[in-house]
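Peer 1: Just so you know, we're using our numbering here: the sequence shown kicks off at 786 and counts up by one. Even for Gly, the Cβ is constructed at its ideal location relative to N, Cα and C. Just so it is clear, the structure is predicted and the values come from calculations on it, not from any experiment. Structure in structure tokens, see below.
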Amino acid sequence: MAEQKKEAKSQSVLALDLGTVIRKLSEALQRVSARLVSDSVVTIDISQTGVRIMETRGGVVRSWADASFKPEEVQTAAPMGGHALGTMVRQLMNSSGIKAKSVIVSISGRYTVSRLIPVSSLPPAPTLDESVNDIGSTIMPIPADDRYFFWQAVNTSEGEQQVFITGVPRYIMDDQIKALKTVGINPQIIELKAMALARVVNKEQALIFNIEPTNYDIIIVVKGVPEVVHSLAWRRDNMSLEDAAEYLAANLEMTVDFYNSNHLDTPFDTTNPLYITGEMSVEPEMMEKLQDRLGFNIEQLTPPLECPAFLPISQYAVNIGLAMRKEIPMRDSNGSTGFSPLDMNLLPQAYQPWRPTANHIYAAVILIAAITLIFPLMEVTAELMGKTVVLEQESAVLDNQLMLKKAEIERREPLQKAVGEYNTLVTREGSFSEDIRVIMKEAEKLDVAVSAISHGENDVTISCAAKDYQSFRAYLLALEESGRFATPIAPPEGYPYTTGGSITLKTQVEPVAE
786 MAEQKKEAKS QSVLALDLGT VIRKLSEALQ RVSARLVSDS VVTIDISQTG VRIMETRGGV
846 VRSWADASFK PEEVQTAAPM GGHALGTMVR QLMNSSGIKA KSVIVSISGR YTVSRLIPVS
906 SLPPAPTLDE SVNDIGSTIM PIPADDRYFF WQAVNTSEGE QQVFITGVPR YIMDDQIKAL
966 KTVGINPQII ELKAMALARV VNKEQALIFN IEPTNYDIII VVKGVPEVVH SLAWRRDNMS
1026 LEDAAEYLAA NLEMTVDFYN SNHLDTPFDT TNPLYITGEM SVEPEMMEKL QDRLGFNIEQ
1086 LTPPLECPAF LPISQYAVNI GLAMRKEIPM RDSNGSTGFS PLDMNLLPQA YQPWRPTANH
1146 IYAAVILIAA ITLIFPLMEV TAELMGKTVV LEQESAVLDN QLMLKKAEIE RREPLQKAVG
1206 EYNTLVTREG SFSEDIRVIM KEAEKLDVAV SAISHGENDV TISCAAKDYQ SFRAYLLALE
1266 ESGRFATPIA PPEGYPYTTG GSITLKTQVE PVAE
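Structural data, given as structure tokens:
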């Protein structure tokens, strides 16, 4: 029995080894084929005190270079009429043998404003774009005319919809782009350093401390998204190593405390990994002091790009994160392949190369089809135009005849008007006679004396008197019930106890229409 178990175990190990070998071989073949067919990706990380350039191809770091400078040195680096920063980048590329016209560039978060906002917190608006722009105008300290505004909707692992918004001052963005374009380098993608660092870390929850000589970035990654991006300037100057480490550690802890105070239900767990990157990350003494001072779990970066053993990965972390946009998809916690939830390109529309949209292509197809149909239709069009001329001539003749008819009608109009007036008069005369007949008939029945009758166009005014007020009231009622006059009949002053007066009767019989 023991021998059978041992044999089964050896067969299982052998099968596992064979499966691993096949998988590794497949991955190796994929990498080799990718290296043969893929183009190189050149990334540029620009800070206030230096430039770092990296070239990758097929998921492998091929070359890299960096140059440090002081701000006053940059001003004298450019030739007459050139841009200092662009000149230094071009010189560094030439000296390192890295060639590229289109590059991926980082931009510092020091002067930018970034926020992660739940979609449920956005103000109501007809569209999501209008809603995001409304809240952007509210929280951005930079006027709309002085900034570029970008946003992207993201879905977290829990399915919650959020919007990541970023505002960048125009002068910062324009100066950096123009500096590179002046020396023939075209930024293809511009990305916040925080996004590149979140991508290279590739963790659901992480803390990133990017330390440069004159500034530092603190990034809290929650659910794969940089929820807090805190960028500040600092200078070590005459600070001792212990004081500098204490200053940096205190600011890191304050940022985490600030996050926790706003997320009491889900505070940042100190067991989450802390990654220290940037130029200062390669100073062993500083890293040792920070590790002793901080209570976080500091881990080393292990990017999915294939990096040479002597590459200072933490120093080139931003470059690696930028390159991963093109080289390697992100991997989730289970090891499966997936893309980063944030892939915003901050390159303004004005600097992007023109590419035809679906609408442009659709319009071009319609135009070509229309031109193709025009030529066969030209002969038909000429024939129709000839017929149109004939119809226009016939229409002119008909117009002349119509004008003559109108003139004849206008000439006869006075006669028709006179005939109509005569018919009205005749009709009115009959109507007037009937009105008088009814008035006198009812007066005779009730012994009412009518002294005067005045007939207008649509009314009759009479003056009458009865022997008592009851007879007068009965006379008015009889006139109303005759149906000849509009009811009610307005009585004279003093009614209902008056015995007579002037009464105006409105006739109901309409005259005959003309």
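Cβ of leucine 1086 within 8 Å of Cβ of valine 939?
Peer 2: For leucine 1086 and valine 939, no; Cβs fall outside 8 Å.
Peer 1: Quick one: using the 10 Å Cβ neighbour count with 16 as the cut-off for buried, is serine 1287 buried or exposed?
Peer 2: Exposed, since its Cβ has fewer than 16 Cβ neighbours within 10 Å.
Peer 1: Helix, strand or coil: how does DSSP classify isoleucine 1105 here?
Peer 2: Looking at isoleucine 1105 - three-state DSSP - the assignment turns out to be helix.
Peer 1: Where does asparagine 1023 fall in DSSP's three states?
Peer 2: Asparagine 1023: coil per DSSP, three-state reduction.
Peer 1: Which class does alanine 991 belong to by DSSP, given the choice of helix, strand or coil?
Peer 2: Three-state result, alanine 991: strand.
Peer 1: Give the range of the alpha helix (DSSP H) segment to which isoleucine 920 is assigned.
Peer 2: Looking at the DSSP string, the run of the alpha helix (DSSP H) that includes isoleucine 920 is 913 to 924.
Peer 1: CA-CA distance, valine 1006 and glutamate 989?
Peer 2: Going from the Cα of valine 1006 to the Cα of glutamate 989 covers about 7 Å.
Peer 1: Find the nearest neighbour of glycine 1106 within the set Gln1293, Ile1274 and Ile993, judged by alpha-carbon distance.
Peer 2: Checked all of Gln1293, Ile1274 and Ile993; the closest Cα to glycine 1106 is Ile993.
Peer 1: Could you tell me the boundaries of the alpha helix (DSSP H) in which aspartate 1054 lies?
Peer 2: Note, aspartate 1054: premise wrong, no alpha helix (DSSP H); not H, not E.
Peer 1: For the 8 Å Cβ check, are there 3 or more pairs between the region 1189 to 1202 and the region 1221 to 1237?
Peer 2: No, because fewer than three Cβ pairs between the region 1189 to 1202 and the region 1221 to 1237 fall closer than 8 Å, the two stretches do not touch.
Peer 1: Measure from the C-beta of phenylalanine 1053 to each C-beta in chain B and report whether the shortest distance is under 8 Å.
Peer 2: Within the model displayed, chain B is absent; a lone protein chain is all it includes.
Peer 1: Below 7 Å CB to CB, which residues in the same chain sit around tyrosine 1280 once its five sequence neighbours on both sides are set aside?
Peer 2: So the list is empty, once near-sequence residues are dropped.
Peer 1: Determine, using beta-carbon pairs with one atom in the region 894 to 903 and one in the region 944 to 957, whether at least three such pairs fall under 8 Å.
Peer 2: The region 894 to 903 vs the region 944 to 957: in contact.
Peer 1: Quickly, what does DSSP pair threonine 1246 with across the bridge? List them, please.
Peer 2: Ser1239 and Thr1289.
Peer 1: Start and end of the alpha helix (DSSP H) containing glutamine 973?
Peer 2: First-last for glutamine 973: 971 to 977, but that is the beta strand (DSSP E), not the alpha helix (DSSP H).
Peer 1: How far does the alpha helix (DSSP H) with phenylalanine 1257 in it extend, from its first residue to its last?
Peer 2: Where phenylalanine 1257 is concerned, the enclosing alpha helix (DSSP H) stretches over 1254 to 1266.
Peer 1: Going by DSSP in three states, arginine 1196 sits in which element: helix, strand or coil?
Peer 2: Here arginine 1196 sits in helix by DSSP.
Peer 1: Using only CA atoms, which one of Met1071, Phe1081 and Glu1112 lies nearest to leucine 1090?
Peer 2: Among Met1071, Phe1081 and Glu1112, the Cα nearest to that of leucine 1090 is on Glu1112.
Peer 1: Give a yes or no on contact between the region 993 to 1003 and the region 1063 to 1071, applying the rule of three or more CB pairs nearer than 8 Å.
Peer 2: At 8 Å Cβ cutoff, the stretches touch.
Peer 1: Are the beta-carbon atoms belonging to lysine 1074 and alanine 1030 less than 8 Å from one another?
Peer 2: Yes, these two residues count as a Cβ contact at 8 Å.
Peer 1: Only counting the same chain, and skipping five residues up and downstream in sequence, which positions put a Cβ closer than 6 Å to that of glutamate 840?
Peer 2: If we look at glutamate 840 and ignore the five residues flanking it on each side, its Cβ neighbours are Ser825, Val827, Arg847, Ser848 and Ile883.
Peer 1: Can you look up methionine 958 in the DSSP assignment and give me helix, strand or coil?
Peer 2: Helix at methionine 958.
Peer 1: Let me know if lysine 1291 comes out buried or exposed under the rule of 16 or more other beta-carbons within 10 Å of its beta-carbon.
Peer 2: Its Cβ having fewer than 16 others within 10 Å, lysine 1291 is exposed.
Peer 1: Roughly how many whole angstroms lie between the Cα atoms of methionine 925 and proline 1069?
Peer 2: Distance between the alpha carbons of methionine 925 and proline 1069: 39 Å.
Peer 1: Return helix, strand or coil for leucine 1017, following the three-state DSSP convention.
Peer 2: Of the three classes helix, strand and coil, the one that applies to leucine 1017 here is strand, per DSSP.
Peer 1: Could you tell me how far apart the beta carbons of isoleucine 974 and isoleucine 838 are, in whole angstroms, since I believe they sit closer than 8 Å?
Peer 2: Incorrect: roughly 15 Å between the Cβ atoms, too far for contact.
Peer 1: Is the region 928 to 935 close to the region 949 to 961, with three or more CB pairs under 8 Å?
Peer 2: Segments in contact, yes.
Peer 1: Where aspartate 851 and aspartate 1077 are concerned, what is the direct C-alpha to C-alpha distance, given to the nearest angstrom?
Peer 2: Aspartate 851 and aspartate 1077: Cα-Cα distance of roughly 29 Å.
Peer 1: Alpha carbon to alpha carbon, how far is isoleucine 892 from leucine 1127? Give it in angstroms, no decimals.
Peer 2: Using only the alpha carbons, I get a separation of about 15 Å.
Peer 1: Measure the C-alpha to C-alpha separation of glutamate 1012 and isoleucine 1156 and round it to an integer number of angstroms.
Peer 2: When rounded, the distance between both Cα atoms is 54 Å.
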